[in-house]
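*Asks:*
Residue numbers (the numbering used here), protein chains in the order written: chain A, 109 to 221; chain B, 186 to 300.
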């Protein structure tokens, strides 16, 4: 069974640009969540989607957005990139409820220059 | 609000010795607790979880964790450390409300196994 797949793995963007990251969950998983990992702030929750609806949202500015498609695949978008957005963005998936194990992808490394 | 504390940024253990990585938590209601490991330039890899039942949970690669409700702790342990166990370890707790899939992570503990 394939794991959580994230694309692209590495990317470099310029300040002010926007970026879209993609995530394919484990087959059958309907919950997809996103996390940002930085050396200074650690692992922070961005948002979680279930059945194409945002179910939870972290404390990030509106420049960070996401969506989930009918096949459970998810994308997150960051607009007007800032240097501080440089981070590892991790996608995770699980079956449906909090008792289920949440599995993470390898992440997308974003560098903003 | 839920929170997790990992009091040690760095733990060094000699190969073959037992290891413990500490974690305490704060959450309303019954906690769902997780341990993940991260190798350099990789994502998070699931090790084990506590949902309910036996306080001693066994996971991958010989790791286990002990849930202690009175001390609100969930320490990760392994009887005999391997050099390959060297990595960054994260403790996490999930929300107390149904449908809240948010994981709150600790700051991580870097485990170094010395040959």
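We put the CB at the ideal spot given by N, CA and C, even for glycine.
Output the distance between the C-alpha atoms of residue 306(A) and residue 197(A), rounded to the nearest integer angstrom.
*Replies:* Past the boundaries of the shown model lies residue 306(A); chain A is included only from 109 to 221, so the question cannot be answered.
*Asks:* Flag residue 234(B) as yes if its beta-carbon sits less than 8 angstroms from any beta-carbon of chain A, otherwise no.
*Replies:* Taking the second chain and counting its residues from 1, the one referred to as residue 234(B) is at position 49. Taking Cβ atoms only, chain A reaches closer than 8 angstroms to residue 234(B), which makes this a yes.
*Asks:* Listing by chain order, which chain B residues have their CB less than 7 angstroms from the CB of residue 219(A)?
*Replies:* Indexing the first chain from 1 puts residue 219(A) at position 111. The contacting residues do not exist; residue 219(A) stays about 13 angstroms from chain B at best.
*Asks:* Is DSSP giving residue 218(B) helix, strand or coil here?
*Replies:* The sequence position of residue 218(B) within the second chain is 33, counting from 1. Strand.
*Asks:* Can you tell me the Cβ-Cβ gap for residue 187(A) and residue 171(A), rounded? I've got them flagged as a contact below 8 angstroms.
*Replies:* Walking along the first chain from the start, residue 187(A) turns up at place 79. Walking along the first chain from the start, residue 171(A) turns up at place 63. So it is a contact: roughly 5 angstroms between Cβ atoms.
*Asks:* Compute the Euclidean distance between the alpha carbons of residue 121(A) and residue 264(B), then round it to the nearest angstrom.
*Replies:* Sequence index remark: in the first chain, residue 121(A) carries index 13 (1-based). Sequence index remark: in the second chain, residue 264(B) carries index 79 (1-based). Going by the C-alpha atoms only, they are around 45 angstroms apart.
*Asks:* Do we get a CB-CB distance below 8 angstroms when we pair residue 227(B) with the residues of chain A?
*Replies:* As a position in the second chain, residue 227(B) is number 42, starting the count at 1. Output row for residue 227(B): interface = yes.
*Asks:* Can you list, in chain order, the residues of its chain with a C-beta nearer than 8 angstroms to that of residue 243(B)? Leave out the 5 residues immediately preceding and following it.
*Replies:* Taking the first residue of the second chain as position 1, residue 243(B) is located at position 58. Excluding positions up to five away in sequence, the list reads 233, 249.
*Asks:* Given this structure, state the Cα-to-Cα distance separating residue 196(B) from residue 270(B), to the nearest angstrom.
*Replies:* Position 11 of the second chain holds residue 196(B). Position 85 of the second chain holds residue 270(B). For residue 196(B) and residue 270(B), the distance between alpha carbons rounds to 12 angstroms.
*Asks:* How far does the beta strand (DSSP E) with residue 210(A) in it extend, from its first residue to its last?
*Replies:* On the first chain, residue 210(A) is found 102 positions in, with the first residue counted as 1. Run containing residue 210(A): none; DSSP gives neither H nor E here.
*Asks:* Look at the alpha carbon of residue 147(A) and the alpha carbon of residue 194(A), and state the distance between them as a whole number of angstroms.
*Replies:* Looking up residue 147(A) in the first chain gives position 39. Looking up residue 194(A) in the first chain gives position 86. Distance between the alpha carbons of residue 147(A) and residue 194(A) is about 10 angstroms.
*Asks:* Mapping the DSSP letters down to three states, classify residue 265(B) as helix, strand or coil.
*Replies:* What you label residue 265(B) is simply residue 80 of the second chain in a count that begins at 1. Residue 265(B) falls in the coil class under three-state DSSP.
*Asks:* Does the CB of residue 151(A) have a neighbour CB from chain B at under 8 angstroms?
*Replies:* Position 43 of the first chain, counted from the start, is the residue given in the question as residue 151(A). Yes, its Cβ sits closer than 8 angstroms to a Cβ of chain B.
*Asks:* Using 8 angstroms as the limit for Cβ to Cβ distance, is residue 296(B) near chain A?
*Replies:* By 1-based counting over the second chain, the position of residue 296(B) is 111. By this cut-off, residue 296(B) is not an interface position.
*Asks:* Verify the CB distance criterion: does residue 198(A) have a CB-CB separation below 8 angstroms to chain B?
*Replies:* Within the first chain, the letter at position 90 stands for residue 198(A). Interface residue, yes.
*Asks:* Could you run through the segment 195-221 of chain B and flag, in chain order, every residue whose CB is less than 9 angstroms away from some CB of chain A?
*Replies:* Answer set for the segment 195-221 of chain B: 217, 219, 221.
*Asks:* Quick test of your reading: residue 126(A) and residue 189(A), contact by CB under 8 angstroms. State the CB separation rounded to the nearest angstrom.
*Replies:* If you number the first chain from 1, residue 126(A) lands on position 18. If you number the first chain from 1, residue 189(A) lands on position 81. The pair is a contact, with the Cβ atoms about 7 angstroms apart (cut-off 8 angstroms).
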